[in-house]
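Engineer: Sharing a structure below in structure tokens format, with a few things to ask.
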Amino acid sequence: MEMRGADVTSIRDFGRGDLEEIFAATDRITDMEPGRRRQLCAGKSLGYLFFEPSTRTRLSFEAAMASVGGTSFGISDKESSSAQKGESLADVVRMMSIYSDAMVLRHSLDGSSRFAAQVSDKPVINGGSGTEEHPTQAIQDLYTMRKVCGKIDGLTIGIVGDLKYGRTVYSLLHGLGNYDVNVYLVSPESLRIRADSVYDIKKKTEYVESDNLNECIDALDVVYVTRVQRERFPDVEEYLKVRGSYVIGADMLKKMKEKAVVMHPLPRVDEIAPEVDSTPAARYFEQARYGMDTRAALLALILGDGDL
Amino acid sequence: MDESELTVRRIREGTVIDHIDEGRGLQVLAALSINGSDGGVVTIALNVPSAKHNKKDIIKVENILLRDDDTNKLAVIAPRATVNIIRDYKLVEKHRVSLPNSIGRIFMCTNPDCVTNSGEPIESMMDVVDKTGRVLKCRYCGRILDITKLRYM
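See the structure below:
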């Protein structure tokens, strides 16, 4: 796909070649002399429209834009926007497309970014849409796997936790569909991947579903952990029963392959014990770092003059 | 005339929808908003013996010609249906329904959290990703439509 001026609404729009182009650009931008890097988007602006809370995504976009010489501004919660007065998303997006050269949108509705891209004259980047997608997180996750494992093809990846409502999971699975990987989906039965969202995933990726992490932990190269959220369970007892099954601690690390890594889109609550943080397996903070680099590369590809 | 035969008055102008999948005739009527309020004759026959498919439903409706949207609805609800156009008591056109590559406007996405159900100025758009299996996918949220729970715009 032509990256310059492109919308990033779904990872489904990215083929393997597109992803590899972003990864290569990320490698180049990471090694680039800071002064040159700041020329990539000099004079460009990124508007952010965050109608849902965010820490990493918004900050990493701001940091990424600053690192390539651009500026960013916007709204970081619904309450401070005119959406609170009943203004439509369409109108807010149209306004932002007047003020900025590109925008990042986070919204609670599935498909909100695709709709925004339709009404905006400027590129729209999906910063998280409902429980549907979080494509830049998937780009960051795939890049992290490539960096820390040396490759993506051939990996056995376990995605653990809330697979039903976690938007990062769907984007990651669609992204992994471009590679030759083995996937285990580990979750309580009530939080399994949604049946109405797996049609495209099943066509590209074979996966095994399980509710017991112990069944596959010793086969995994990547343990991708997501939060199991208490509010997803109708009763607390059910939550307490399953919560411990999906916690990565020292005992679980012992069952993992020597070179296996633990990833997490963050924020975590208690699904990865702090004792894991200082082990070589812990790669989630490095993953967050790559979030800034991959987003900087993406912004430079979309907004830059092609000199990357 | 054999008294066991059903007799239905011929129509001068209108449409006969034949070979509707057994049991879906009433759903077709509702989907096409055919309720007889225009005063035209509407005849529906359910569970009619069929040489091809064991049983079928048939709808005969006077003075109404189906629009493209109606045909698309029909193709989703009753994929084996045939549409017969009657003019001056004669059959002038007969065709099987078929699914287009995408269907705009007429079906609401079954995902309540889809942006197309939010009141934003947007029309639904379903991509037909499998014509044989009647698999429709919302172009916005990416979810597969549950065709047993169709709702119309």
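Heads up: the protein sequence lines correspond to chains R and C, in order. Under our numbering, the very last position in the first sequence is 556; numbers go up by exactly one each time. Under our numbering, the very last position in the second sequence is 133; numbers go up by exactly one each time. Every residue gets a Cβ at the ideal spot worked out from N, C-alpha and C, and that includes glycine.
1) Between which residues of its own chain and K452 of chain R is the CB-CB distance below 7 Å, once the five residues before and five after are set aside?
2) Of all the beta strand (DSSP E) runs that stay within the bounds of the segment 376 to 440 of chain R, which reach a length of 3 or more residues?
3) In angstroms with no decimal places, state the Cα-to-Cα distance between R(-8) of chain C and K70 of chain C.
4) What would DSSP say about Y455 of chain R, mapped onto helix, strand or coil?
5) Looking only at C-alpha atoms, which of C:Q7, C:H75 and C:C118 sits nearest to N81 of chain C?
6) Nearest chain B C-beta to S98 of chain C closer than 8 Å, yes or no?
7) From the beta carbon of D266 of chain R, is the nearest beta carbon of chain C less than 8 Å away?
8) When you compare only the Cα positions, how much space is there between M351 of chain R and D541 of chain R?
9) What does V95 of chain C touch in chain R if you count any residue whose Cβ is under 7 Å from its own?
10) Please report the distance separating the alpha-carbon of I323 of chain R from that of A314 of chain R.
11) Just curious, the beta strand (DSSP E) that F321 of chain R is in, first and last residue?
12) P522 of chain R by DSSP, collapsed to three states: which one?
13) Give a yes or no on whether 8 Å exceeds the smallest Cβ distance from V56 of chain C to chain R.
14) Within 8 Å of any Cβ in chain R, is that where the Cβ of Y134 of chain C sits?
15) Contact between the segment 400 to 416 of chain R and the segment 283 to 299 of chain R is defined here as three or more beta-carbon pairs at a separation below 8 Å; is this criterion met?
16) Return the residue from the list R:I520, R:L547 and R:V510 that minimises the CA-CA distance to Q535 of chain R.
17) Distance check for T305 of chain R and D448 of chain R, CA to CA, integer angstroms please.
18) Comparing the C-beta of S336 of chain R with each C-beta of chain C, is any distance below 8 Å?
19) Is any beta-carbon of chain R found at less than 8 Å from that of P29 of chain C?
20) Whose C-alpha, out of R:M393, R:A365, R:L353 and R:S368, is nearest the C-alpha of F271 of chain R?
21) Note down the Cα distance separating E421 of chain R from D18 of chain C, rounded to an integer number of angstroms.
22) Which class does P101 of chain C belong to by DSSP, given the choice of helix, strand or coil?
23) Can the beta-carbon of I550 of chain R be found less than 8 Å from the beta-carbon of A254 of chain R?
24) Taking Cβ-Cβ distances shorter than 9 Å, what residues in chain C pair up with Y447 of chain R?
25) Going by the CB atoms, is the gap between Y487 of chain R and M478 of chain R shorter than 8 Å?
26) If distances are taken between C-alpha atoms only, which option among R:G492, R:R480 and R:A530 comes closest to M504 of chain R?
27) What are the residues in the segment 434 to 445 of chain R lying within 7 Å of chain C by C-beta distance?
28) Assign M(-19) of chain C to buried or exposed, taking buried as 16 or more other Cβ atoms, counted over all protein chains shown, within 10 Å of its Cβ.
29) Taking C-beta pairs closer than 7 Å, name the residues in chain R that I102 of chain C reaches, listed in chain order.
30) In this structure, does DSSP put M540 of chain R in helix, strand or coil?
31) Going along the chain, which unbroken runs of the alpha helix (DSSP H) with 4 or more residues stay wholly within the segment 12 to 66 of chain C?
32) Straight-line CA distance for Y132 of chain C to V72 of chain C?
33) So is N462 of chain R buried or exposed if we call it buried at 16+ other beta carbons inside 10 Å?
34) Between the Cα of Y391 of chain R and those of R:G539, R:T257 and R:F481, spot the shortest distance and give me the residue it belongs to.
35) Would you tell me roughly how many angstroms separate the C-alpha atoms of T260 of chain R and G423 of chain R, rounded to the nearest one?
Structural biologist: Let me spell this out:
1) G425
2) Fully enclosed beta strand (DSSP E) runs of 3 or longer: 404 to 408 and 430 to 434.
3) 8 Å
4) Strand.
5) C:C118
6) No chain B is present in this structure, whose protein chains are R and C.
7) Answer no: the Cβ-Cβ gap between D266 of chain R and chain C never drops below 8 Å.
8) In this structure, the straight-line span from the alpha carbon of M351 of chain R to that of D541 of chain R is close to 18 Å.
9) L357, D358, G359, S360 and F363
10) 17 Å
11) Secondary structure note for F321 of chain R: its beta strand (DSSP E) is the uninterrupted segment T319 to I323.
12) The three-state reading of DSSP puts P522 of chain R in helix, counting H, G and I together.
13) No, V56 of chain C lies away from the interface with chain R (no Cβ there is under 8 Å from its Cβ).
14) Shown here, chain C extends from -19 to 133; a query on residue 134 of chain C therefore has no answer.
15) no
16) R:V510
17) Between the alpha carbons of D448 of chain R and T305 of chain R lies a gap of roughly 26 Å.
18) yes
19) no
20) R:M393
21) Per the sequence shown, the amino acid found at residue 421 of chain R is Leu instead of Glu. L421 of chain R and D18 of chain C: Cα-Cα distance of roughly 52 Å.
22) coil
23) yes
24) V109, D110, V115, K117, G122, R123 and I124
25) Inspection of the sequence shows that residue 478 of chain R is occupied by Arg rather than by Met. In this structure, Y487 of chain R lies closer than 8 Å to R478 of chain R by Cβ.
26) Considering only alpha carbons, the answer is R:A530.
27) Sequence-ordered contacts of the segment 434 to 445 of chain R with chain C read D444 and S445 [C-beta pairs closer than 7 Å].
28) The pLDDT assigned to M(-19) of chain C is 47, lower than 50, so where the model puts this residue is not dependable, and the model offers no usable value.
29) F363
30) helix
31) As for any alpha helix (DSSP H) of minimum length 4 sitting wholly inside the segment 12 to 66 of chain C, the runs are 48 to 57, ordered along the chain.
32) 30 Å
33) exposed
34) R:G539
35) The sequence given here places Arg at residue 260 of chain R; Thr does not occur at that position. Their Cα atoms are separated by approximately 7 Å.
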